[in-house]
Each structure stands twice: as C-alpha cells, then as structure tokens.
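A.B. asks: Chains as they are written, first to last, in the numbering used here: chain A, 1 to 451; chain B, 452 to 902.
1) At least one CB of chain B closer than 8 Å to the CB of residue 388 of chain A: is that the case?
2) Using the Cβ count rule (16 or more neighbours within 10 Å means buried), how would you classify residue 751 of chain B?
3) Between A/99, A/190, A/240, A/271, which has its C-alpha nearest residue 148 of chain A's C-alpha?
4) Work out the CA separation of residue 617 of chain B and residue 623 of chain B for me, nearest whole Å.
5) Can at least three beta-carbon pairs, one atom from the region 801 to 814 of chain B and one from the region 42 to 50 of chain A, be found at a separation below 8 Å?
6) Mind listing the chain B neighbours of residue 305 of chain A? Cutoff is C-beta to C-beta under 8 Å, in chain order.
7) Who are the Cβ neighbours of residue 131 of chain A in its own chain at under 7 Å, not counting the five residues just before and after it?
8) Can residue 763 of chain B and residue 772 of chain B be called in contact, C-beta distance under 8 Å?
9) Verify the CB distance criterion: does residue 91 of chain A have a CB-CB separation below 8 Å to chain B?
10) Kindly list the residues whose CB is nearer than 6 Å to the CB of residue 877 of chain B, restricted to its own chain and excluding five residues on each side of it in sequence; keep chain order.
11) Can you confirm whether residue 681 of chain B, when its beta carbon is compared against all beta carbons of chain A, has any partner nearer than 8 Å?
12) What residue from A/30, A/39, A/33 has the CA that sits closest to residue 797 of chain B's CA?
13) Since I believe residue 97 of chain A is in contact with residue 69 of chain A (beta carbons under 8 Å), could you give me their beta-carbon distance rounded to a whole number of angstroms?
14) Using a threshold of 8 Å, state whether the C-beta atoms of residue 450 of chain A and residue 316 of chain A are closer than that.
15) Within 8 Å of any Cβ in chain B, is that where the Cβ of residue 298 of chain A sits?
16) Straight-line CA distance for residue 351 of chain A to residue 76 of chain A?
17) Is residue 57 of chain A close to chain B, meaning its C-beta is less than 8 Å from at least one C-beta of that chain?
18) For the alpha helix (DSSP H) containing residue 530 of chain B, name the first residue and the last one.
19) Classify residue 523 of chain B as buried or exposed, calling it buried when 16 or more other Cβ atoms lie within 10 Å of its own Cβ.
20) Using only CA atoms, which one of A/429, A/422, A/390, A/16 lies nearest to residue 35 of chain A?
21) Can you tell me whether residue 442 of chain B is buried or exposed, with buried defined as 16 or more other CB within 10 angstroms of its CB?
22) Tell me whether residue 422 of chain A sits in a helix, a strand or coil according to DSSP, three-state version.
23) If we ignore side chains and look at the alpha-carbon of each, how far apart do residue 907 of chain B and residue 74 of chain A end up?
24) Looking at the C-beta of residue 466 of chain B, does it have a partner C-beta in chain C at a distance below 8 Å?
25) Pull up the CB-CB distance for residue 447 of chain A and residue 226 of chain A, whole angstroms please, since I reckon it's below 8 Å.
26) When you check each C-beta in the region 163 to 182 of chain A against every C-beta of chain B, which residues fall closer than 9 Å?
27) Measuring only the C-alpha atoms, how far is residue 123 of chain A from residue 645 of chain B?
28) Please identify, using Cβ separations under 8 Å, the residues of the region 856 to 883 of chain B that lie next to chain A, in order along the chain.
29) Using a Cβ cut-off of 8 Å (strictly closer), state whether residue 351 of chain A contacts chain B.
30) What does the alpha-carbon distance come out to for the pair residue 584 of chain B and residue 619 of chain B?
31) I need the boundaries of the alpha helix (DSSP H) containing residue 498 of chain B, first residue and last residue.
32) Can you check the region 647 to 726 of chain B for any alpha helix (DSSP H) of at least 4 residues that lies completely inside it and give the ranges in chain order?
33) Just to confirm my understanding: we take residue 201 of chain A, look at its own chain, exclude 5 residues before and 5 after, and list those with CB closer than 8 Å. What are they?
34) For residue 128 of chain A, which residues of its own chain have a beta-carbon under 6 Å away from its beta-carbon, when the five flanking residues on both sides are left out?
35) Return yes when the Cβ of residue 219 of chain A is within less than 8 Å of the Cβ of residue 137 of chain A, no when it is not.
36) Got a sec, what are the start and stop residues for the alpha helix (DSSP H) residue 412 of chain A sits in?
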C-alpha cells in the first residue's frame with residue numbers, strides 16, 4: 001500500500017523498454033495494455049517513430065480510444081489517419097462527449113460525417129450538441145453528462161434519486177438545479193447534500209451565487225474562472241439560459257497547459273502541441289519556413305551594412321564591434337517582448353495599462369542602455385585605442401537599447417490589436433528592428449564622424 | 452441568472468477603475484471588497500505600482516489573507532514585508548495549511564518563527580506538519596483537512612457521521628480509509644457512497660487501486676499523476692504509510708502553470724512568477740545582469756572577428772554577409788533548444804531517447820543547412836558578382852546550421868545531467884557557439900581562399 005504510483009509506473013515503463021529490446025512480444029503486449037491510457041500515451045509521445053509504431057500496433061483495440069484521447073494533436077491525427085470511419089466510431093464509443101468532439105474536429109469533414117453516421121442515434125445527438133460550438137469555447141469543452149434536479153424536491157428525495165443511478169459521472173461535485181424550462185437556476189454541491197437536513201428542499205439549500213458559463217465563452221476565460229473560483233465542475237448554458245452541459249477541471253487543465261505551451265513554442269516559430277519525436281523530414285520542412293522568414297530579415301540587415309561599406313573599409317574595427325550593438329539590442333528587446341507576451345496571455349496587460357508598460361520599458365532601456373554603453377564604450381576605446389570609437393558605440397548602444405525596449409513593448413500591443421499572434425510574429429519583427437537600428441546607428445554615426 | 456461571470460466581473464473591474472479615477476474613495480472600497488479574492492489579486496497584478504498601493508490600502512483587513520494568497524510571489528513578498536508577525540498570523544488564520552506554509556516559506560526565518568509563535572497551538576501544529584516538507588514536494592502542497600473512516604463501518608454509519616459535520620472541506624471527492632495505525636488503505640469516493648447500498652461496509656466498497664502519494668514526491672511528478680488520472684484530490688502518506696494529508700487539484704493547477712511559465716521566462720533570462728508591473732529600477736537592475744552575461748558572449752564573438760580583420764579589409768563584402776551566417780545559426784539552434792527544453796519539462800526526453808533526438812537534429816541541420824546554403828550562396832554570388840563568395844558562405848551556412856542543431860540538442864541534455872537549468876543557461880551558451888562558429892567558419896574559409 002505504501003508503494004508509490006510513479007516509481008511503479010516508471011518501473012513498468014522501464015521493464016517495458018527492456019522487454020521491447022529483448023523482443024519478448026507477448027510480455028510487452030500484456031504489460032502495455034495493463035498500463036493506464038495516460039501512461040501509454042506518454043510512452044508513445046516519448047518514443048522515436050519506429051519504436052512508436054511497434055508499440056501502437058500492440059495496443060488492444062478496446063484501449064485505442066482512451067490512448068488516442070490522451071495523445072498530443074499531432075500524433076493523434078497521425079494514428080487516426082490510418083483508420084476508417086467505422087473504426088473511429090468504434091474506438092470513441094466510450095469517451096466523453098467533448099473528447100469525441102475534439103477528435104472529430106481533427107478529421108476531414110467528410111470523415112467526420114461518416115463517423116457520426118456510424119454512431120448510434122443517441123450518441124450522435126450528444127456529440128452533435130458539442131460539435132455545434134467551436135472547440136476553443138466553453139461549448140466545445142463541455143460534456144453532456146449532467147445530473148439535474150428540480151428546486152421543489154427535498155434532499156431526501158434527491159438522495160434516493162441518486163441511489164437509483166448505477167454510477168454518478170466522474171468529477172461530479174454538484175448537481176445542477178433547473179426549472180421546468182430547463183434553465184439553470186442554481187447548484188446543489190454534494191458537500192451540502194451530505195451534511196444538510198434531509199427534509200430541507202433543494203431550493204432552500206442550493207447555491208445561487210454561481211453564475212453559469214455561456215457556451216460561447218472563449219476557453220481561456222473559462223480557465224481563468226475555474227482557477228479563480230477553485231471549481232471542479234461548472235454548468236454551461238445556451239442563449240436562453242438553458243443548461244446544455246458541464247465543464248470539468250480535467251479539461252480545463254489541458255487548456256491551461258496548452259495556452260502556456262503556446263507562448264513558448266510560438267516565440268521560437270514552432271507549432272503548438274508539437275510532437276517532440278517527429279521524424280526528420282517533417283521536422284526539417286516545418287522549421288525551414290521559419291528559417292526562410294528570418295533569412296529575409298537577415299538580408300535586410302545585411303543590405304543596411306552594405307550602405308556603409310566605404311566606412312568599414314576605412315575603419316575595420318567597425319565590423320568587429322557592430323555585432324555587439326545588434327546582439328545587445330536583440331537580447332534587451334526579447335526580454336521586454338517576453339514580459340509583454342506573457343502578460344497578455346495572463347490577462348494582465350490591457351490597452352489601458354499598456355501605456356504604463358511602454359513608459360517603464362523606455363525608462364529601463366535608457367538605464368540599461370547607459371550602463372552598458374559606458375562599459376562597451378570604455379572597452380572599445382581601450383581595445384582599439386580610439387576614444388571616438390568608444391563614444392560612437394556608446395551612443396549607438398543607448399539608441400538601440402531604447403529602441404529595443406520600446407519596440408518590445410509596443411509591438412505585441414499593436415499586433416494584438418490587429419489580431420496577429422504577438423508570440424509568433426513578435427520575435428521576427430523585433431530582431432529585424434534591433435538589427436537594422438543597431439547597424440544604422442553605429443555605422444551611421446561612424447560614417448558621419450570618420451567619413 | 453443567465454448573466455455571465457466574467458463580463459460581470461470585468462464590468463466591475465471597469466467600474467472600479469472609473470471610480471478610482473474619479474476618486475470616489477468610498478465606492479471603490481466597497482466595490483473592491485465585494486470582489487472575489489482572485490479578482491482583487493488579478494487587479495493588483497495588472498496595476499502599475501502607484502495605483503497598486505492605493506488599491507491595497509483599500510482592501511479590508513479580513514480579506515487581506517485571501518488576496519495575499521492569490522498574488523504572485525513577487526507581489527506577495529512585497530506586501531508581506533510591510534507586516535509584523537502578529538499581523539501575518541492574523542491574516543493567514545483562515546487560509547489552507549499549504550497556502551499558509553507557502554507564505555511562511557517566503558518570509559525570513561526569524562519572522563516565520565514569530566508568526567508560528569503567534570498562532571494558536573492547534574493551527575501551529577498543522578502548519579508545522581506541512582512546513583517540514585520542502586515547498587516543491589507533495590508534502591509542501593498538502594492540506595491536513597482530511598476526512599478519514601475505518602474499513603469496518605457500514606456506509607450508513609459513514610453517512611450519519613458525515614451529517615454530523617457542519618461542513619465538508621472544499622474539493623472533497625473522497626473519504627480516506629485508514630487502519631488503526633492511521634495507515635492509508637483505500638479511498639471511498641463520495642460518488643460511490645451516494646449510489647451504493649447503505650448496509651455495505653467501507654471495506655467492501657472502497658477503492659484500493661489508488662496508491663497514495665509519498666510526501667517527498669517532487670511536485671511536477673504529483674502534477675503528472677493528477678493529470679494522468681484525472682484526480683480531484685489524492686492522499687499523501689509518510690514513510691511508514693500513515694496518512695499525513697491530501698493534495699487538491701487547485702494547488703496542482705498552480706504547479707502546472709508555474710512549470711509551464713518557467714521555461715518561457717527562463718529562456719529570456721527572466722525570473723519565474725515575475726511581476727509584469729514591477730517598477731523601473733527593480734526591472735532594470737534584474738535585466739542588467741542578463742545583458743551583462745550576454746555582453747561577454749558578444750565580446751567573445753567580436754574577438755573572433757578581430758582575428759580576421761585583414762581579410763575583411765580586403766573583401767569588405769564579408770562584413771556585410773557575416774551576420775547572416777551567425778543569425779541563421781542562432782535561429783536554428785534556438786528552435787532545437789526550445790524543443791528539447793520543452794521535451795525535458797514534459798518528461799518526454801530522457802538520457803535514453805536523447806540520442807535519437809541528437810541524431811534527428813543533426814539530420815535536420817544538414818537538410819536545412821543545405822537548403823538555405825543554396826539560397827544564400829546564390830543570392831550572395833549574384834549580389835557581389837563573385838561565385839567564390841557564394842560557395843564560401845554556403846559552406847559556412849551548412850557548418851553553422853549543423854553545429855547549431857547539434858548544440859541545441861546536446862546542450863540541454865548535458866546541462867540537465869550536471870543539474871543546471873537548461874532553460875536558463877541554454878540560450879546564452881547556444882548563441883555563443885553559433886556566433887563563434889558562424890564567424891570562424893565564414894571568415895576562416897574566406898581567409899583561406901582570399902588570404
């Protein structure tokens with residue numbers, strides 16, 4: 001009993017790898033299908049492609065749905081693409097509605113229709129209810145497995161009603177109270193039900209302070225509500241206030257993880273929910289695009305340097321020092337950009353308080369610009385025994401660091417306003433600006449002085 | 452009832468800002484203290500320093516504990532530093548054990564002792580139980596508000612026992628079954644309790660498949676267990692299997708958010724759980740360190756260029772093109788580094804499958820290196836009308852992109868092994884390598900040819 005879950009499953013995973021290597025197929029298959037779906041998915045996600053396909057073929061058909069459900073988007077689509085519609089319908093039979101809807105939304109429309117037709121009438125109706133909402137809204141996150149009660153019942157009746165259920169759905173911490181039009185009017189937490197006088201009515205004991213989530217609320221707002229209120233589950237309502245489903249914390253955790261992942265991967269020009277072990281060609285071709293975009297900005301910076309060829313020929317020390325100006329600008333700008341992208345994602349930064357941030361970043365740019373301008377200026381003066389050069393690089397440093405901080409702060413706010421993802425586009429535009437301004441200010445000042 | 456939570460609280464926040472601006476102090480104070488603690492914390496986190504202090508002074512003393520608890524680390528420490536020990540003891544009185552422990556761990560040791568002494572005996576004992584574990588372990592995340600039952604009881608007795616409680620702790624989805632030595636032996640989910648025959652015993656109905664979490668398990672492992680098993684709460688046990696507390700999903704969500712945040716902020720050399728609206732001097736001085744470290748690497752790159760001054764003087768086009776080689780290497784390396792840092796954080800990458808990734812990245816580096824070498828080579832040949840220059844830059848591109856991908860893959864694995872955070876140290880080392888190798892390969896080849 002005192003055994004630990006993770007070490008145990010880690011041991012199992014290790015034994016599995018060992019068995020796979022020694023090739024005792026039957027053992028592997030038995031062990032693999034004894035693991036929870038989440039562990040199998042983790043194992044698939046942590047495996048190189050060849051190994052992964054061997055593993056996947058060993059997963060029993062009845063476990064495939066659960067495992068597919070736990071996989072990242074990329075791998076999920078990959079395995080689904082090998083199945084026909086009736087297979088998909090079959091393996092998703094026992095999944096929750098929102099999970100089935102998620103899977104269907106990743107298939108081509110024609111296949112989705114086929115899968116829906118292959119389902120039984122009742123299942124199809126439930127899934128179609130979830131499918132009518134975009135998958136990044138409350139409606140797309142919800143399940144339809146709600147337990148509802150009427151306000152006029154006594155708790156005693158509710159308890160007997162519950163006892164008639166064979167099972168209460170997972171993550172049910174509250175019953176939903178609805179009126180005769182199916183409109184949500186309150187919550188009856190199980191915690192309340194269990195400690196209250198059984199002769200009291202639902203109306204007396206229900207919590208009406210909870211406001212239901214409208215089906216079209218964006219999923220990041222839903223996540224913030226769950227976090228702020230420490231909810232385990234919450235009701236979802238349609239336009240006229242009727243209860244349409246419920247959202248549970250496990251699905252919200254996925255939203256939180258994906259949103260946090262988004263900023264990190266996008267800032268490096270990588271796709272969201274990416275497959276760590278994607279094969280060579282897929283990886284190379286995706287990254288090639290990002291490199292191509294960055295190459296354009298690099299050529300732009302080069303063409304700026306090209307203007308000042310004459311000056312560089314005269315004072316070759318400029319070529320030695322110019323990367324310092326550009327690189328320090330890039331670092332300072334990236335720090336500001338990261339703070340802003342993160343602040344926007346967390347909902348801290350709004351157009352209103354954005355101005356304060358822009359002002360602060362300019363001040364930070366001036367302070368750090370002056371500090372490092374002194375250091376770099378003195379170092380350059382000493383190195384090339386030319387204090388004019390020191391003054392020039394110091395001035396360029398201040399100009400570029402202030403520009404970097406200003407751009408890093410304004411850019412995400414501007415991009416956000418015109419509905420472009422700041423995490424994705426910000427970095428490229430920023431380094432273009434810091435490279436160009438860095439080279440122009442340094443080489444420009446030098447040309448004015450030496451030229 | 453059909454009203455929406457967020458729009459409503461957003462409206463409240465907007466009205467609050469308006470009231471603050473028009474200066475109707477009494478209104479603001481009333482509105483502020485009517486908001487949930489999480490919203491007040493969000494408002495404080497989204498406010499520039501001056502505004503923030505005005506707001507904080509308006510928070511009623513009895514709400515301060517809840518609000519402090521919801522704040523990011525930086526702001527929390529900031530507000531706590533203005534309080535004395537008995538004030539801290541007073542405002543944390545009604546918080547959960549793990550939250551109090553978190554707060555205490557951020558205070559100087561002497562203050563923590565004073566706060567503990569100012570608490571009543573019973574509270575102190577509970578908090579000290581949590582404080583004995585590091586805050587990034589299961590023990591540091593746990594509360595002590597467990598409800599335990601004995602296996603021999605019938606469900607009927609359990610139901611009557613529960614009814615004697617005035618309140619069941621939040622997020623209680625299961626009762627914990629313990630033997631006479633207080634050792635955890637199983638779970639009795641409320642879901643089971645509510646649908647099962649009341650004459651059955653706890654022993655018959657309890658779930659013994661759940662293994663308890665050992666108190667010293669690291670918090671990221673705890674988070675993975677919760678995610679994998681869709682838990683709402685889970686028991687924590689000490690060395691001899693005795694139940695010491697329970698962890699609830701709301702605390703796990705915080706761990707997940709912080710871990711995801713860590714990779715993003717660290718890669719830009721920013722502190723974790725940072726305050727978006729930190730004042731100018733604090734921001735500038737923190738960022739200065741990172742800029743200083745990067746300046747050292749920039750000087751290293753410059754000193755490499757310095758070696759090749761003679762060649763640059765002869766062929767000034769080299770100065771124009773050299774940033775392209777360095778910058779493309781930086782981009783390619785950062786992409787690989789991000790994939791690895793993320794993969795390590797998610798637990799996908801292990802020393803075992805790391806080799807596969809290193810091989811893949813080298814292959815990706817070769818493919819993308821050759822692709823963009825052709826493009827850059829042709830462009831450079833045409834631009835400067837010198838196909839030798841085109842060949843030289845093409846060769847340097849391949850060398851630098853392969854080095855970049857190899858370094859981006861190996862570096863985090865190496866850093867991880869010697870216990871240095873790859874997210875923090877990776878970027879600096881990587882750009883040093885890509886800059887140096889970029890300049891050496893391009894200028895070195897050029898010197899060999901033209902020199």
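Quick reminder that beta carbons are idealized off the backbone N, C-alpha and C, glycines included. Quantities reported herein were computed from a predicted structural model and do not represent experimental measurements.
C.D. replies: Put simply:
1) Put simply, the CB of residue 388 of chain A is far from chain B, with every gap to its CB atoms at 8 Å or more.
2) Exposed.
3) Taking only the C-alpha atoms, the option nearest residue 148 of chain A is A/190.
4) A direct Cα-to-Cα measurement between residue 623 of chain B and residue 617 of chain B gives close to 14 Å.
5) These segments touch.
6) Using a Cβ-Cβ cut-off of 8 Å, residue 305 of chain A is close to 770, 771, 774 of chain B, given in chain order.
7) Setting aside the 5 residues that flank it on each side, residue 131 of chain A is surrounded in the same chain by 101, 104, each with a C-beta closer than 7 Å to its C-beta; the list follows chain order.
8) No, the Cβ-Cβ distance between residue 763 of chain B and residue 772 of chain B is not below 8 Å.
9) At a cut-off of 8 Å between beta-carbon atoms, residue 91 of chain A makes no contact with chain B.
10) Shown here for residue 877 of chain B: same chain residues with a beta carbon closer than 6 Å to its own, the five before and five after excluded, namely 788, 862, 863 in chain order.
11) Yes, residue 681 of chain B counts as interfacial toward chain A.
12) Closest option to residue 797 of chain B, Cα to Cα, is A/39.
13) At roughly 12 Å, the Cβ-Cβ gap does not stay under 8 Å, so residue 69 of chain A and residue 97 of chain A are not in contact.
14) Not in contact: residue 450 of chain A and residue 316 of chain A (Cβ atoms no closer than 8 Å).
15) So yes, residue 298 of chain A belongs to the interface.
16) The C-alpha of residue 351 of chain A lies about 38 Å from the C-alpha of residue 76 of chain A.
17) It does not: the Cβ of residue 57 of chain A has no partner Cβ on chain B nearer than 8 Å.
18) Element bounds for residue 530 of chain B: 524 to 531.
19) Around the beta-carbon of residue 523 of chain B, 16 or more other beta-carbon atoms lie within 10 Å, marking it buried.
20) Residue A/16 is the option with its Cα nearest to residue 35 of chain A.
21) It is not possible to answer for residue 442 of chain B, since the shown part of chain B is limited to 452 through 902.
22) Residue state, collapsed to three classes: helix.
23) Because chain B here runs from 452 to 902, residue 907 of chain B falls outside it and cannot be looked at.
24) This model lacks chain C altogether; the protein chains it does include are A and B.
25) Not really, about 58 Å apart at Cβ, beyond 8 Å.
26) Going along the region 163 to 182 of chain A in chain order, one finds 163, 164, 165, 166, 167, 168, 169, 170, 171, 172, 173 with a Cβ nearer than 9 Å to chain B.
27) Rounded to whole angstroms, the separation of the alpha carbons of residue 645 of chain B and residue 123 of chain A is 26 Å.
28) Answer set for the region 856 to 883 of chain B: 882.
29) Answer no: the Cβ-Cβ gap between residue 351 of chain A and chain B never drops below 8 Å.
30) So the alpha carbons of these two residues sit roughly 26 Å apart.
31) Looking at the DSSP string, residue 498 of chain B is not in any alpha helix (DSSP H), and its letter there is neither H nor E.
32) Runs of the alpha helix (DSSP H) lying entirely within the region 647 to 726 of chain B and spanning at least 4 residues, in chain order: 653 to 656, 670 to 680, 700 to 718.
33) Correct list, in chain order: 151, 152, 153, 154, 155.
34) Within its own chain, no residue has a Cβ closer than 6 Å to the Cβ of residue 128 of chain A once the five positions on either side in sequence are excluded.
35) Contact check for residue 137 of chain A against residue 219 of chain A passes: the beta carbons are separated by less than 8 Å.
36) Looking at the DSSP string, the run of the alpha helix (DSSP H) that includes residue 412 of chain A is 387 to 417.
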